[in-house]
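Heads up: the sequence shown begins at 1 in the UniProt record's numbering, then just goes up one per residue. Presented below is the structure to which this report refers.
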Amino acid sequence: MDDNERLKGSRTVQRSINIMNCFTLEESELSLTEISNKINLAKSTTSRLLETLVQNGLLQKNFSNSKYHFGYKMYQFGRIAENTISFEIMELAKPFMKKLRNEIENQ
1 MDDNERLKGS RTVQRSINIM NCFTLEESEL SLTEISNKIN LAKSTTSRLL
51 ETLVQNGLLQ KNFSNSKYHF GYKMYQFGRI AENTISFEIM ELAKPFMKKL
101 RNEIENQ
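Here it is, written out as structure tokens:
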């Protein structure tokens, strides 16, 4: 793979990330035009990227209003992140909880 191919691949990944970053709690469903405007990219390019994200389950298209929203795969990623973060928080909290337990036991 030459440098041009590598840069093109990186650009595509970055553009896909930019699309995913368009979605918020307040704007959980967006149209092609809205996404295209937010990321400053041609509709044709945005459409191709959206199609790939849909094919991979990261986004779903609501055919009743032609808007996109997070797909089931994002839910799965969220659950994985939640479990990982919960474990990390428990590990970080252990020394403090042990200290608190010891202080309570020694009263």
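For glycine and all other residues, C-beta sits at the position ideal for the given N, C-alpha and C.
For phenylalanine 87, the three-state secondary structure derived from DSSP is helix. Cβ-Cβ distances below 7 Å link lysine 73 to Asn56, Gly57 and Leu58 in the same chain, with the five nearest sequence neighbours on each side left out; the list follows chain order. Residue pairing from DSSP places phenylalanine 70 in a beta bridge opposite Leu59. In the structure shown, leucine 41 falls within a coil segment according to DSSP collapsed to helix, strand and coil. When only Cα atoms are considered, phenylalanine 63 and serine 31 end up about 11 Å apart. When C-alpha distances from threonine 45 are compared across Thr12, Val54, Ser66 and Phe77, the shortest belongs to Thr12.
Residue burial is scored here from C-beta neighbours: isoleucine 85 has fewer than 16 other C-beta atoms within 10 angstroms and is therefore classed as exposed.
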